[in-house]
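The next block holds one structure in the form of structure tokens; read it before the comments.
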Amino acid sequence: MRKTPLNAWHREAGARMVDFGGWEMPLHYGSQIEEHHAVRRDAGVFDVSHMRVVDFRGSGSRAFLRGALANDVARLAAPGKALYTCMLAEDGGVLDDLIVYFFREDFFRAVVNASTADKDLAWLRSLRSRWSSDVEIESRDDLALIAIQGPRARERFWQAMPGLRAATEPLAPFGAALVGDVMVARTGYTGEDGFEVALPASHAAALWKALVAAGARPCGLGARDTLRLEAGMNLYGQDMDERVSPFDAGLAWTVDLSGARDFVGKSALLVHGSRHELLGLVLLEPGGVLRAHQEVLSGGRRVGEITSGTYSPTLARSIALARLERGIAAGATVQVDVRGKRLAARVVKPSFVRRGKSLLSDKEDR
Amino acid sequence: MKLPQDLRYTESHEWVRREADGNVSVGITDHAQEQLGDIVFVEAPHPGRKVKAGEAVGVVESVKAASDIYAPVSGEIVAANAELSSSPEKVNEDAFAAWMYRIRPDDAAAIDRLLDAAAYRKSVSA
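Top to bottom, those sequences are chains A and B. Mapping to my numbering: the first sequence position 102 is 102, numbers consecutive. For any residue, its number in my numbering is found by taking its place in the second sequence, counting from 1, and adding 366.
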């Protein structure tokens, strides 16, 4: 199994380590729920070094990415701006979701999922001849990634790294700064404020220890999953994959169909349109926890299935993302087959918690 | 690993305690709660139900996964611990205090045929 530069630290801290797409990663350091609350109330720090940084260099980088990605990097006008996007196959299926950063006309950067990284690189390199030959694609296996998230994340980051304050304090959400070989981006996967930091692997342990010393609580992938689900953020491989179009995965907002720009998958999307929606579910009665692959029924008829489900520590009830037929709308009550029992759930917009606050209406938020 | 010597155990990670009235209390072991992580739901069987040894009679769900709980011996369910439906985290806090249900065993001697602490320890580390 592959190990991040912080592997020894996690083990010493008593983390429960699990295989995550071939990487040995911390699931939690004792209590996943306490870690979750730390991020909603203060600050938590995550080792996400399994994710891959990919650099695009050369004057053709922008033209290349405009063809390779479903969102349009033409939107990235100011250096340091970032964009969330899908990368599609010709048939419109989602090959990966990623964040792409613009620094200079001859330098863009993407952060892609761990499990898809090698496939992504091969795919991107195969597209070079089609969209732009003047682009070099480099896999930055030498970089580590650390996320610090929570209402006090930035404050604790500056306490740990006072030298980076001047460059990172002006950052707006989805803005990034390069300071030498360290990238700090005001992005995340929790629904809270914070930074994601890419830096040379040899410096990862020092940053990690400084953040922990500044009061950020180490958090594992378990809390990362409950936090992103509360925030209504998709997880690749669960809420969408190459068999699913972004239109059926709640990601239409990330696809830019405007204008004459062509990109991989566009013609397929225009033909197929959308058949499903990704919506949220809130369990209305006790009886278990919503989980991926459970069936969703309406009037006794199957109308879809859960793609991600969990127990929400913030809301103290079970929540899920579900792929449902069009026509089932927020506000409807459906049934979910939970281990043979049919339990009532409310359909809601797929975002449950933001900035520490419940987004549920009084009807669900008993 | 916390493992009281005076209890009996199953391969499926239940602990079993014989009470003064002859009924047996059943919970899940400290090892099991640690494997499951934060427990958020416990469904114990209803009193009056007749169960067979090895039968799935309830469910424990953690944030991570759902896991069946089994009957260690045949008999009739006589009690369920209602406290765990509102405070399932008690299982994480002290697994050996958080009994889930009680059975009146058909055969009182069946308990003696379950694993003792040493045998359970061995089955876990195997």
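Ideal placement from N, C-alpha and C gives every residue a C-beta, glycine not left out. Predicted model, so just to flag it, every value in this text is computed and none were measured.
At a cut-off of 8 Å between beta-carbon atoms, A:G44 makes no contact with chain B. Cβ-Cβ distances below 6 Å link A:V197 to I146 and V184 in the same chain, with the five nearest sequence neighbours on each side left out; the list follows chain order.
Here DSSP, grouped into helix, strand and coil, assigns A:E325 to strand.
Under the three-state reduction of DSSP, B:G414 is assigned to coil, being neither helix nor strand. The beta carbon of A:A210 sits closer than 8 Å to those of A160 and M161, all from its chain and outside the five residues before and after it, given in chain order. Those residues of the region 385-407 of chain B placed with their C-beta closer than 7 Å to a C-beta in chain A are G403, D404, V406 and F407, ordered along the chain.
With a threshold of 8 Å between beta carbons, A:V289 makes contact with chain B.
Rounded to whole angstroms, A:E295 and A:A167 show a C-alpha spacing of 48 Å. B:K456 is outside the set of residues whose beta carbon lies under 8 Å from a beta carbon in chain A. Assignment of B:G393 by DSSP, reduced to helix, strand and coil, places it in the strand class.
A distance below 8 Å separates the beta carbons of A:E105 and A:S59. The shortest C-alpha to C-alpha distance from A:V303 to any of A:A13, A:A322, A:V289 and A:V338 is the one to A:A322. Boundaries of the alpha helix (DSSP H) around A:Q32: Q32 to R41. Taking a contact to require three or more Cβ pairs closer than 8 Å, the region 167-179 of chain A and the region 58-76 of chain A do not qualify as touching.
Between the alpha carbons of A:V264 and B:A410 lies a gap of roughly 52 Å. If you check each beta-carbon in the region 406-432 of chain B against every beta-carbon of chain A, the ones closer than 9 Å belong to V406, F407, E409, V425, E427, S428, V429, K430, A431 and A432. Per DSSP, A:D120 is one residue of the alpha helix (DSSP H) stretching across A117 to W131.
Looking only at A:A8, A:Y101, A:A78 and A:D91, the smallest Cα-Cα distance to A:T85 is reached by A:Y101. Across the structure, A:E155 and A:A231 are spaced so that their CA atoms are roughly 22 Å apart. In the three-state scheme derived from DSSP, where H, G and I count as helix and E and B as strand, A:A345 is classed as strand. When the Cα atoms are used, A:A320 and A:W253 turn out to be separated by approximately 20 Å. The region 429-439 of chain B and the region 370-382 of chain B touch, with three or more beta-carbon pairs separated by less than 8 Å.
Exclusion of the five residues before and after A:L143 leaves V53 and A198 as the residues of its chain whose Cβ lies within less than 6 Å of its Cβ. Counted as a single uninterrupted DSSP element, the alpha helix (DSSP H) harbouring A:E12 occupies residues N7 to E12. Its Cα nearest to that of A:P313, the residue A:F352 stands out among A:F352, A:E325 and A:R346. A:T333 sits in a strand when the DSSP states are folded into three classes.
Looking only at A:E325, A:Q238, A:G331 and A:M87, the smallest Cα-Cα distance to A:L284 is reached by A:G331.
Straight-line measurement puts the Cα of A:A205 at about 45 Å from the Cα of B:R374.
In this structure A:A38 touches A:R217 by the C-beta definition: roughly 4 Å separates them, less than 8 Å. Cβ atoms of A:S298 and A:V334 come within 8 Å of each other, at about 5 Å.
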